[in-house]
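Enquirer: Residue numbers (my numbering): 58 to 134.
Cβ atoms here follow ideal geometry from the backbone N, Cα and C, with glycine treated the same way.
As the structure is a computational prediction, the values presented were derived from the model and not from experiment.
One structure coming up, written as structure tokens, with questions to follow.
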């Protein structure tokens with residue numbers, strides 16, 4: 058039962074996530090046609106910025122929790 062509920066939630070979350078991408082694409086297309094691409098370049102930069110934040114946070118969390126194992130790994134060699 059828990060697996061069914063989890064699967065349903067994941068499907069719902071993925072549907073809303075793809076809708077956001079369609080909205081960004083429509084905004085970028087209309088902006089590039091109207092302003093020569095300046096707004097679209099800014100939108101692309103914003104997407105890259107938002108994409109990097111979770112990876113940076115994940116790296117910090119991994120380094121904090123596994124710092125002793127990482128230090129011991131490099132000392133062993």
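#1: Consult DSSP for residue 131 and reduce its assignment to one of helix, strand or coil.
#2: Express the C-alpha separation of residue 132 and residue 107 in angstroms, rounding to a whole number.
#3: Taking residue 101 as the reference, give the member of 81, 112, 123, 91 with the closest Cα.
#4: Check residue 58 in the structure and name its three-state DSSP category.
Expert: From the atom records:
#1: helix
#2: 36 Å
#3: 81
#4: coil
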